[in-house]
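FYI, the numbering for the sequence shown is 10 to 429, going by our numbering. Backbone N, C-alpha and C fix where the C-beta goes; we use that ideal spot for every residue, glycine too. Quick caveat, the model's predicted, so the values are computed rather than measured.
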Amino acid sequence: MKADVLLGLQWGDEGKGKIVDVLTPNYDLVTRFQGGPNAGHTLEFEGKKFVLRSIPSGIFQGGKVNIIGNGVVLDAALFKAEVEALEKSGHPLTERLKISKKAHLILPTHRLLDAAYESAKGTSKIGTTGKGIGPTYTDKISRNGLRVGDILHNFDEKYKAATDRHKEILKQYSFDCSSLPEIEKEWFEGIECLKRFELIDSEHFINNSLKSEKKVLAEGAQGTMLDIDFGSYPFVTSSNTICAGACTGLGIAPRSIGEVFGIFKAYCTRVGSGPFPTELFDETGEQMRKIGFEFGSVTGRPRRCGWIDLVALKYAIMLNGVTQLIMMKSDVLDSFETIKACVAYKIDGKELTEFPFDIAESVEPVYAELPGWKTDMTKMQSEAEFPENFNAYIQFLEKELQVPIKIVSVGPDRAQTILR
Ligand code: GDP
Ligand code: IMO
Ligand code: MG
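Structure, rendered in structure tokens:
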């Protein structure tokens, strides 16, 4: 059996949480392989709305095992808050959730370091989510990190050594650490909460599950354009968000990857700083933000909005080996007169269709224009109801991207999902 991977093809917030929840009935295991509480995955069903940060989006469907994999970075305090909110709403987790002992811990001082590094960047801030993601992955790579498995033996000693080192760095940045004791208190309560769960060698668990014909879905966080290697560096996150990240973040071999579901919005958004060639600063962008309710699920920041970027999308499809596409938030464009799609970049007078090294301000998008469908699609149940101009948009995209669009989402609810 092979593991399927679902991941974002843009700058995150494509709607991964919703679709993982929709696909979960087809799987036995749902796993997260990278990122941490910088993610905010929204699910809506039966009139309720949930935002997941570290817990996989398969958690609401009974009888499934959800795994936080080794590639994830975990903040104990935020994890506890997430667990409590879910349990309070009647969703028991103890039986459904397992955590890799090799997942790295986001320490309270990582959060402070994130803030210190950002403030030292002056006008070139990345606009991180402030959750300590960069400093935690930095410690992992420089072999200074602490892992979930470390909480089981002599943890206080290891914690002290790590945070003493961080405090020295924070001193160099003259960073005010007065909030630390309070954050630490919550965080250590979080560590106790973590101990309630089964801490496992998830690479063995997942590979054994595959061997015994169990179906595994890997849920990406962030998006391909935020990948540490291939995203719009340095305005990226600190993990490999691409399909290869599922191999390192779960311990599964490349040949054990099956379907790769690539998910994108019918337009494009980005939160935080960094280049965004198709960004709109006009009334149209404002309309996308308003209709699509484009505000960060983690930070509440308004998301930057723009037209779909096929140069970036083709790049993402190539990097991930996408086998099926999923188009989200089509309904947000329901009222638009004209739909635009960026088919090339113009740089110094030359047209490019291959994603370049740098997409700085000088990139001018070249657009194809299609007529809007001007129809409310939010209550549609099947492809047969799609308006003609919407079908034309899908066909145009499939021709450009050379991958079939198998799912179309027409609203935030689980039920507003159309399979093709
Ligand atoms: P994720 O991080 O990829 O899981 O995406 P987010 O949850 O951060 O952002 C997606 C937002 O769009 C959430 O508020 C979803 O409830 C919402 N959403 C998902 N699919 C659709 C859709 O098809 N139409 C509309 N209007 N909203 C959607
Ligand atoms: P989901 O999984 C959108 C962005 C931040 C910032 C950059 C680096 O919900 O799609 P970080 O805190 O990771 O060091 O921030 O990455 N970012 C996201 N943008 N969706 C996300 O996750 C994101 N996670 C991080 O805004 O620009
Ligand atoms: Mg999100």
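- For R298, the uninterrupted alpha helix (DSSP H) run begins and ends at E292 to I300, by DSSP.
- The Cβ atoms of L114 and L161 lie no closer than 7 Å to each other.
- If you look at S188, you'll find it isn't in any alpha helix (DSSP H); DSSP assigns it neither H nor E.
- As the crow flies, the alpha-carbon of I200 is around 43 Å from that of T287.
- In this structure, D340 has its beta carbon less than 6 Å from a heavy atom of the ligand GDP.
- Check the Cα spacing between L155 and each of K111, G141, F184 and I192: the tightest is with K111.
- Counting the other CB atoms within 10 Å of its CB gives K57 a total below 16, which places it among the exposed residues.
- Here the C-alpha atom of D385 lies approximately 20 Å from the C-alpha atom of I414.
- Shown here, K58 sits in a strand according to DSSP, grouped into three states.
- Here F270 is not near L18, since their CB atoms are 7 Å or more apart.
- CA-to-CA, the gap between F304 and G281 works out to about 11 Å.
- Here D210 carries a coil assignment [DSSP, helix/strand/coil].
- Closest option to F290, judged by alpha-carbon separation, among D165, W316 and R310: W316.
- Note: V245 is not bridge-paired with any residue in the DSSP secondary-structure output.
- Beta-bridge annotation (DSSP): K107 is paired with I76 and E207.
- If you check the CB distance, A262 and A48 do not come in under 7 Å.
- The beta carbon of I209 sits closer than 6 Å to those of K107, all from its chain and outside the five residues before and after it, given in chain order.
- Sequence-distant Cβ neighbours of E373 in its own chain, meaning closer than 6 Å and more than five residues away, are K355.
- Scanning T147, L102 and G240 for the CA closest to the CA of I368 turns up G240.
- Between the alpha carbons of P396 and W382 lies a gap of roughly 6 Å.
- Rounded to the nearest whole angstrom, the CA to CA distance from F59 to Q404 is 33 Å.
- When only Cα atoms are considered, G24 and M337 end up about 7 Å apart.
- In this structure, M337 has its CB closer than 6 Å to one or more heavy atoms of the ligand GDP.
- Judged by beta-carbon spacing, L342 lies within the 7 Å limit of A275, meaning their Cβ atoms are closer than that value.
- Excluding sequence positions up to five before and after G267, its CB lies within less than 7 Å of the CB of K11, A12 and D13, all in the same chain and listed in chain order.
- Following the DSSP letters along the chain, one finds I348 inside the beta strand (DSSP E) bounded by residues T347 to I356.
- Annotation for S133: no residue places its beta carbon closer than 6 Å to its own, counting only its chain and skipping 5 residues before and after.
- Residue pairing by DSSP places F304 opposite P311 in a beta bridge.
- Under the DSSP assignment, E373 falls in the beta strand (DSSP E) whose first and last residues are E373 to P380.
- Note on N329: 16 or more other CB atoms within 10 angstroms of its CB, so buried under the neighbour-count rule.
- Here H162 carries a coil assignment [DSSP, helix/strand/coil].
- Distance from S109 to S211 at the Cβ level is roughly 4 Å; contact confirmed, criterion being Cβ atoms closer than 8 Å.
- In this structure M389 is buried. Its beta-carbon is surrounded by 16 or more other beta-carbon atoms within 10 angstroms.
- Between V419 and T387, the C-beta spacing is below 7 Å.
- Environment of the ligand MG, chain-ordered: D22, G49 and S306, taking every residue with Cβ within less than 5 Å of a heavy atom.
- Apart from the 5 residues on each side of it in sequence, V245 sits with its Cβ closer than 6 Å to the Cβ of L235 and I237 in its chain, given in chain order.
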